[in-house]
Amino acid sequence: MSIVALAFLAVVAPFGLWNDYLRDLLALSMIFAILALSLNVVVGYMGEMCFGHQMFFGIGAYTSALLSIHTGISPWLGILIAVAGAAGFGFLVGLVALRAMRGVYLAIVTFGLGAILWQIVFNEHRLTGGARGISGISRLSLPGVVFNDEVSLYYLGLVFLVATLYFFVRWERSRFGRAIVAVRENEELARSVGINSYIYLVLTFTIAAAFAGLAGSLYAHFLTVVNPYLFAPPYLLAMIIMVIVGGKGTLGGPILGAFIYTFGLNLLPFSKEIDIVVFGVVLLALILLAPQGAYPYLRTLATRLVTRASRRNQLV
Amino acid sequence: MNWTMFVQTLWYGVADGASYMLVASGLLITFGILRIFNMGYGEIFMLGAMLTFTLIRFASFPLLAAAALAVVAVALFGILVNRVIVQPVIHVHEMLPLLSTLALSLILLNGGSAIWTYNAFSLGFPFSWMIRLGGVTFSAITITVVVVGLGTVIGLWLWLSKARFGKAMRATVQNITGARLVGIDTKRVYDVTMVIACGLAALGGVLSALFRSAEISMGQGVLVIGFAVVIAAGMGNLLGAVLIALIFGVTENLVAVYGAPLYSRAVLYAIMLIILVLRPQGLFTGKGG
Amino acid sequence: MQMLNIEGISKNFRGLQALKKVNIDVLPNQVLGLIGPNGSGKTTLLNVVTGFLRPTEGIVRFKGESITGLKAHEVARKGIARTFQLTSVFPNLTVAENIVRARHLRSTSSTLRSLLQTKGYRDEQAMIELKCSELMDLLEMEKKKEVLARHLAFGEQRKLEIAIALATEPELLLMDEPAAGMNPDEQKRLIRLVKLIVQQMGITVMIVEHNMRVIMGLCDSIAVLDYGVKMAEGTPLEIAHDERVISAYLGEYELG
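Residue numbers (numbering that gives the first Met the number 0), protein chains in the order written: chain X, 0 to 315; chain A, 0 to 288; chain B, 0 to 255.
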């Protein structure tokens, strides 16, 4: 029942908003939702933290951008290649990093890698356009429709988001998904029942990188410009905020977090710096008060309210 | 090969290394005792410098007084950090302190840029004499920075090995339950650790600002040194931490002068990653300091 | 043919010799007990056999085939399961979900098939659920199947551990101090359970234990480790009367 309601809401959402800017944010939320879900794979399913995850987002974005500018291939193919590129890189990183490192060390290593990539992209003018980035990226189009306005972009993003959700729902119930959860819960025990924890961790990490790359690639085609700040720490913070605020380990949480972040950051009346301070404080408050995230907190709250309401009915 | 320039660059590397040493030691004891990695450490480093600048520029303090006051203030801020940001989450999940300190770093960095803007400020220095040896200049500033840095680290080392509380701290690193059993107040140890660590960072920031300048982004590259220290120096090895700090300082300067200046930070990260991949247990394992 | 051959296994940890040329054979369908004081290397031996540690020297053979140096998940694939000394379950999953995870080896649907929800996938799901129900019935845990593992009482967690190990359909089961922390009632039920496992499921069992009542009640054969060396082997009766064993070790144990 609630799924139908959600679906209805999703379809009519753009028309409920009263100006283009809000619709723009709505479309952007779709991309960030995919990005948040990709980090959620690492945090929720692997139980690890990747402090450089934005590099996969950036790789996806820049791959699409470069392909669009320098070659004439279809942007859809470009998306595929960007995803493959991000996934490939994620695979390599996972292969090396996950052999001996977990927890804090893994976070540190991924942070370092992200920082290196950020420096490279920022400095290499000839290859990546340096600080100015790349602009003039082509739009996506299908016969009959060009995705260049907020509404069409929103629906396109929605389609990708739904596809992503579908993948994760099914994946969770598959042998693979079960195995990785087992590894997260108790790696030793998982190995003793025949699960090759290393391979599963690496492949899961690859999937996370792939979806981050997808988000990046869509970003490139939605905004038509990319800049090296996609690789910078603020984007990492954005993702973390989305996952933490929304609640990790669930599918709805990161999506909620993406909405809160996108709308919150852009609609707050302060300057960009103060906005981030506000988010920092909110993040801190959440970590201290509701470490499970806003989404589970709200869910528990909602359940409690519902039970209290029904109990009241019974008494009367 | 221009030896003068080489030695000069080396010396600048040592000067940078002096402030890095303080950062390295501070993070070492934070990680060793509290078992957390303070992602906001770079911003605390920056805070020391910015506060000093503010006191000099807007309250007309002389350099020494301003620096002393700033360092003490930031050190005491460490208690707040410990009580509010670290302690409440430290036992819930090992990752949470990383996130809460990351939030702190965000708040300090962006809040700071709103207050101080992105400009770079000079702290000024009362002495301008210098020593020249064969074409290489050793300015008063750099000499002061190196002396203060080394002196502080040596003082720290002495304190940890000889003073009662210092020994208590080392005991807590090695065995927290045992430490509690023999009557060591671990809560106080945590507070003191944060105070010392923040004080060290702040002093490091002041030294770095003296040698270079005070600006909001000065703490950004400092974390990587902390990473390297934590990973490569193993636990409890102060000498290793100091060496790594020096290596970083020197390498950074050498790369900037002889290599690609834009990549000096990236090279540092790359070195650290290579170390990590090849020897996850650390480069110097074993006790010391 | 023997189920398990441990031949000349030694294990050094940076100068500390945990195991020294240990030789133990386990025959099919029997229960072998491994006893010895704390620190004698019993768990280390288990870890070597199950692939969690590599031996410094020696060979481990399972049904005639060498499994020395195989990784833990590969050893599991060969048909060897184990339980751990400290209770090992998947804490945030329900009992049913715990057991399902252990069916990993016995289910083969690829991710693609589960994405597409093919008939083969759904059939296999049904099989998995059937097997899990059977196991839960066996261990009298049906009623708890939706309870989170970390909310279970200690004794039930222990049972869950055994269920997880059995779900992999092993031929050889290695148990690391399963009776630790159990009261006499629970011990009796454990003995009955292990006997059932051996007789009805045809599984061979090697059990590391301190609890002499359980050991004496279950084992066909006992091996004694001391400082990493096997110092005695024989039937329970022989071991109980072996002077070396008595003087050195049995005095330590409470008889129940």
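Even glycine gets a Cβ: it sits at the ideal position worked out from N, Cα and C.
It should be emphasised that the depicted structure is a prediction, and the values quoted were computed from it without experimental measurement.
Any chain X beta carbon closer than 7 Å to residue i
i: residue 121 of chain B; result: no
i: residue 243 of chain B; result: no
i: residue 264 of chain A; result: yes
i: residue 109 of chain A; result: yes
i: residue 150 of chain B; result: no
i: residue 283 of chain A; result: Note on residue 283 of chain A: pLDDT 41, under 50, position unreliable in the model; no value is reported.
i: residue 17 of chain B; result: no
i: residue 167 of chain B; result: yes
i: residue 268 of chain A; result: yes
i: residue 65 of chain B; result: no
i: residue 76 of chain A; result: no
i: residue 49 of chain A; result: no
i: residue 255 of chain B; result: Per-residue confidence for residue 255 of chain B stands at a pLDDT of 43, beneath the threshold of 50, marking its modelled position as unreliable; the derived number appears in the next sentence. It does not; no Cβ of chain X falls within 7 Å.
i: residue 5 of chain A; result: no
i: residue 157 of chain B; result: no
i: residue 213 of chain A; result: no
i: residue 112 of chain A; result: yes
For residue i, three-class secondary structure by DSSP
i: residue 215 of chain B; result: helix
i: residue 147 of chain B; result: strand
i: residue 241 of chain X; result: helix
i: residue 307 of chain A; result: What the structure shows of chain A is the stretch from 0 to 288, and residue 307 of chain A is not part of that stretch, so it cannot be assessed.
i: residue 4 of chain B; result: strand
i: residue 266 of chain A; result: helix
i: residue 11 of chain B; result: strand
i: residue 4 of chain A; result: helix
i: residue 192 of chain X; result: coil
i: residue 181 of chain X; result: helix
i: residue 252 of chain A; result: helix
i: residue 124 of chain A; result: coil
i: residue 24 of chain A; result: helix
i: residue 139 of chain X; result: coil
i: residue 254 of chain B; result: At residue 254 of chain B the pLDDT is 46, less than 50, meaning the model places this residue with poor confidence; the figure from the coordinates comes in the next sentence. Here residue 254 of chain B sits in coil by DSSP.
i: residue 314 of chain X; result: Caution applies to residue 314 of chain X, whose pLDDT of 48 falls short of 50 and renders its modelled position unreliable; the value that the coordinates give is listed next. In this structure, residue 314 of chain X counts as helix in the three-state DSSP scheme.
Chain X residues whose Cβ lies nearer than 8 Å to that of residue i
i: residue 91 of chain B; result: 184
i: residue 117 of chain B; result: Ordered by position in chain X, no residue passes the 8 Å Cβ test against residue 117 of chain B, which lies about 12 Å from the chain.
i: residue 212 of chain B; result: By Cβ distance, chain X contributes nothing, its closest Cβ being about 27 Å from residue 212 of chain B, past 8 Å.
i: residue 49 of chain B; result: 191
i: residue 223 of chain A; result: 111, 114
Any C-beta of chain A under 7 Å from that of residue i
i: residue 111 of chain X; result: yes
i: residue 279 of chain X; result: yes
i: residue 45 of chain X; result: no
i: residue 122 of chain X; result: yes
i: residue 314 of chain X; result: Caution is warranted here: a pLDDT of 48 is assigned to residue 314 of chain X, below 50, making its placement in the model unreliable, and the coordinate value is therefore given only provisionally. Taking Cβ atoms only, chain A never reaches closer than 7 Å to residue 314 of chain X, which makes this a no.
i: residue 54 of chain X; result: no
i: residue 41 of chain X; result: no
Closer than 7 Å at the beta carbon, the chain B residues around residue i
i: residue 181 of chain X; result: 89, 100
i: residue 193 of chain X; result: 72, 75, 76, 103, 104, 167
Unbroken beta strand (DSSP E) run spanning residue i, endpoints
i: residue 40 of chain X; result: Segment: none, residue 40 of chain X is in no beta strand (DSSP E) and carries neither H nor E.
i: residue 18 of chain B; result: 15 to 25
i: residue 224 of chain B; result: 220 to 225
i: residue 57 of chain B; result: 56 to 61
i: residue 88 of chain A; result: Unbroken run through residue 88 of chain A is the alpha helix (DSSP H), 86 to 89; no beta strand (DSSP E).
i: residue 107 of chain A; result: Taken as a continuous stretch (DSSP letters only), residue 107 of chain A belongs to no beta strand (DSSP E), being part of the alpha helix (DSSP H) at 95 to 115.
First through last residue of the alpha helix (DSSP H) which encompasses residue i
i: residue 58 of chain X; result: 53 to 69
i: residue 205 of chain X; result: 196 to 222
i: residue 42 of chain B; result: 41 to 48
i: residue 238 of chain B; result: 235 to 240
i: residue 229 of chain X; result: Taken as a continuous stretch (DSSP letters only), residue 229 of chain X belongs to no alpha helix (DSSP H), as it is neither H nor E.
Closer than 7 Å to chain B by CB, residue i
i: residue 115 of chain X; result: no
i: residue 178 of chain X; result: yes
i: residue 174 of chain X; result: yes
Within chain X, partners of residue i - CB distance below 7 Å
i: residue 106 of chain A; result: 276, 279, 280
Amino acids of chain A, ordered along the chain, whose beta-carbon sits closer than 7 Å to that of residue i
i: residue 128 of chain X; result: Those within 7 Å of residue 128 of chain X in chain A number zero; the least Cβ separation is about 15 Å.
i: residue 106 of chain X; result: 97
Contact list for residue i against chain X, beta-carbon separation under 9 Å
i: residue 163 of chain B; result: 188, 191, 192
Item to check | Ordered list of alpha helix (DSSP H) runs contained in the segment 133 to 210 of chain B, each at least 4 residues | outcome: 153 to 166, 183 to 200
Item to check | Whole beta strand (DSSP E) elements within the segment 71 to 104 of chain B, 3-residue minimum | outcome: 79 to 81
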